[in-house]
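Student:
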Amino acid sequence: MAVDSPVTELDKILDAAKRKKPEELLVTYKGVLYPSALCRAETFQALDIMEVRKDDVFLVAYPKCGTTWVKHILNDLTSAVLKNKGEVPPTDHTQLLEFGVPEKFQKIKSFPSPRVFVTHLHYDNIPKAVFGTKAKVLVVFRNPKDAAVSYYHFYNKNPGLPNVSSWDEFFQKFMSGEVCWSSYFDHALAWNKHMDEENIMIITYEEMKEVNLFLIQNCSLQYILKHLVPSSFHFVPGTVGDWKNRFTEAQSQEMDAKFEECLAGTKLGARLKYDKYCKC
1 MAVDSPVTEL DKILDAAKRK KPEELLVTYK GVLYPSALCR AETFQALDIM
51 EVRKDDVFLV AYPKCGTTWV KHILNDLTSA VLKNKGEVPP TDHTQLLEFG
101 VPEKFQKIKS FPSPRVFVTH LHYDNIPKAV FGTKAKVLVV FRNPKDAAVS
151 YYHFYNKNPG LPNVSSWDEF FQKFMSGEVC WSSYFDHALA WNKHMDEENI
201 MIITYEEMKE VNLFLIQNCS LQYILKHLVP SSFHFVPGTV GDWKNRFTEA
251 QSQEMDAKFE ECLAGTKLGA RLKYDKYCKC
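By the UniProt record's numbering, the letter at position 254 of the sequence shown is numbered 254, and the numbering carries on one by one without gaps.
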């Protein structure tokens, strides 16, 4: 019997989610909301005892902070390494840690190194073996205003998540951490404590955009997409500053106050360049 590709399987899962009631679309595990179509308690339990290799690569990002963009880059890099070693990368080479069934952890034991894992999990919920083995951890952050707007659109386009009636409603949920994977600011505070650890590197979405613009400033986006980007690469990075089209003045001030309370004076707060990207 043919095995469904990851994309086909995901399509089936999301199609099934369309038939669920809104209150059935979310599940809580250890106080954090997750999409029930993709996450289950047994998988989290298996994740806690996952075997980690020292040459594994973990991409960590709060939702809508650049996960897909960096995942494609890492997938291309590690695929090139495997091919150079004469090995064939698995079709599902890049694994989302908290998604799927627990049996997948048995399957990925056979994957060649380097393996790439992607997760939106909070630092405290990542398997302790990741840090004990000194596997590489790449953490991506994005300014919270653009992240919130992008997450709002994602919520309403994803059949696996309950629709939110308005931006105002979603904003309040985002600010209080009542969204899947919980609070952006809790994630940021946790990672700020570990920025200087040798196996952890933090980059920002905005830094990647600046590098992107620096390297291709003389080349139109249309030309790049048509001639330079592989046909399988179906992702176009979002814009920086889109929050200005959605935030009210009061919401902007509320977010400013929250950032000041949580991240002002921190190393991660400085890296996010909040005044540059989040002030009019």
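Where is the CB? At the ideal position from N, CA and C, for every residue including glycine.
Any idea if Q95 is buried or exposed, counting beta-carbon neighbours within 10 angstroms, 16 or more meaning buried?
Tutor: Stepping through the sequence shown from its first residue, residue 95 is reached at position 95. Q95 should be labelled buried.
Student: Compute the Euclidean distance between the alpha carbons of I108 and Q172, then round it to the nearest angstrom.
Tutor: Stepping through the sequence shown from its first residue, residue 108 is reached at position 108. Stepping through the sequence shown from its first residue, residue 172 is reached at position 172. The alpha-carbon atoms of I108 and Q172 are separated by roughly 39 Å.
Student: Check each candidate in P22, T239, G269 and name the one with the smallest Cα separation from Y155.
Tutor: As a working mapping, residue 155 is identified with position 155 in the sequence shown. For Y155, the nearest C-alpha among the options comes from P22.
Student: Are the beta-carbon atoms belonging to residue 338 and L138 less than 8 Å from one another?
Tutor: With the chain covering 1 to 280 only, the question about residue 338 has no answer from this structure.
Student: Would you mind listing the beta strand (DSSP E) stretches within the UniProt domain "Sulfotransferase" (54–210) that are 3+ residues and don't spill past its ends, in chain order?
Tutor: 57–61, 94–96, 116–119, 136–141, 200–204
Student: Would you grab the beta carbon distance between C180 and L33 for me? Rounded to a whole angstrom, and I think it's under 8 Å.
Tutor: For the purposes of this step, residue 180 is taken as residue 180 along the sequence shown, with counting starting at 1. For the purposes of this step, residue 33 is taken as residue 33 along the sequence shown, with counting starting at 1. With a Cβ gap of about 5 Å, C180 and L33 count as contacting.
Student: When you compare the segment 111–120 with the segment 140–159, are there three or more beta-carbon pairs, one atom per stretch, that lie closer than 8 Å?
Tutor: no
Student: Indicate whether the contact test is met: 3 or more Cβ pairs, each with one atom in the segment 114–123 and one in the segment 54–63, closer than 8 Å.
Tutor: yes
Student: Helix, strand or coil, according to DSSP, for residue 307 in the structure here?
Tutor: Residue coverage of the chain in this structure runs from 1 to 280, which leaves residue 307 outside it and unanswerable.
Student: Considering T43, what are the terminal residues of the alpha helix (DSSP H) in which it resides?
Tutor: Working through the sequence shown from its first residue, we reach residue 43 at position 43. From DSSP, the alpha helix (DSSP H) with T43 extends over 41–48.
Student: Could you check what DSSP says for L10 in three-state terms: helix, strand or coil?
Tutor: As a working mapping, residue 10 is identified with position 10 in the sequence shown. Helix.
Student: Quick one: Cα of S182 to Cα of L77, how far?
Tutor: Here the question's residue 182 lines up with position 182 in the sequence shown. Here the question's residue 77 lines up with position 77 in the sequence shown. When the Cα atoms are used, S182 and L77 turn out to be separated by approximately 31 Å.
Student: With DSSP collapsed to three states, give me the class of T239.
Tutor: Translated into the one-based positions of the sequence shown, residue 239 becomes position 239. It is coil, neither helix nor strand.
Student: Is F150 buried or exposed, if buried means 16 or more other CB atoms sit within 10 Å of its CB?
Tutor: Taking the sequence shown and counting its residues from 1, one reaches residue 150 at position 150. The identity of residue 150 in the sequence shown is Ser, whereas the question assumes Phe. By the beta-carbon neighbour count (other beta carbons within 10 angstroms, threshold 16), S150 is buried.
Student: Hey, quick one: how far does the alpha helix (DSSP H) through A257 stretch, first residue to last?
Tutor: As a first step, residue 257 must be located in the sequence shown, where it is residue number 257. For A257, the enclosing alpha helix (DSSP H) begins and ends at 249–262.
Student: Under three-state DSSP, which class holds L38?
Tutor: As a position in the sequence shown, residue 38 is number 38, starting the count at 1. Correct three-state label for L38: coil.
Student: Indicate whether E206 and K279 have their beta-carbon atoms separated by less than 8 Å.
Tutor: Against the sequence shown, residue 206 aligns to sequence position 206. Against the sequence shown, residue 279 aligns to sequence position 279. Contact: no.
Student: Classify D15: buried if its beta carbon has 16 or more other beta carbons within 10 angstroms, exposed otherwise.
Tutor: The residue labelled residue 15 in the question sits at position 15 within the sequence shown. Label assigned to D15: exposed.
Student: According to DSSP, simplified to helix, strand and coil, what is L33?
Tutor: On the sequence shown, residue 33 is found 33 positions in, with the first residue counted as 1. L33: strand per DSSP, three-state reduction.
Student: For E98, I'd like the list of residues in its chain whose CB is within less than 8 Å of its CB, leaving aside the five on either flank, ordered along the chain.
Tutor: Indexing the sequence shown from 1 puts residue 98 at position 98. Excluding positions up to five away in sequence, the list reads Y34, L38, C39, T43, F44, L47, T119, H120, L121.
Student: Taking the straight line between their C-alpha atoms, what separation do you get for K12 and E24?
Tutor: Against the sequence shown, residue 12 aligns to sequence position 12. Against the sequence shown, residue 24 aligns to sequence position 24. One C-alpha to the other measures close to 17 Å.
Student: Using the Cα positions of V255 and K83, report the straight-line distance between them to the nearest angstrom.
Tutor: Indexing the sequence shown from 1 puts residue 255 at position 255. Indexing the sequence shown from 1 puts residue 83 at position 83. According to the sequence as given, residue 255 is Met; it is not Val. Whole-angstrom Cα-Cα distance: 46 Å.
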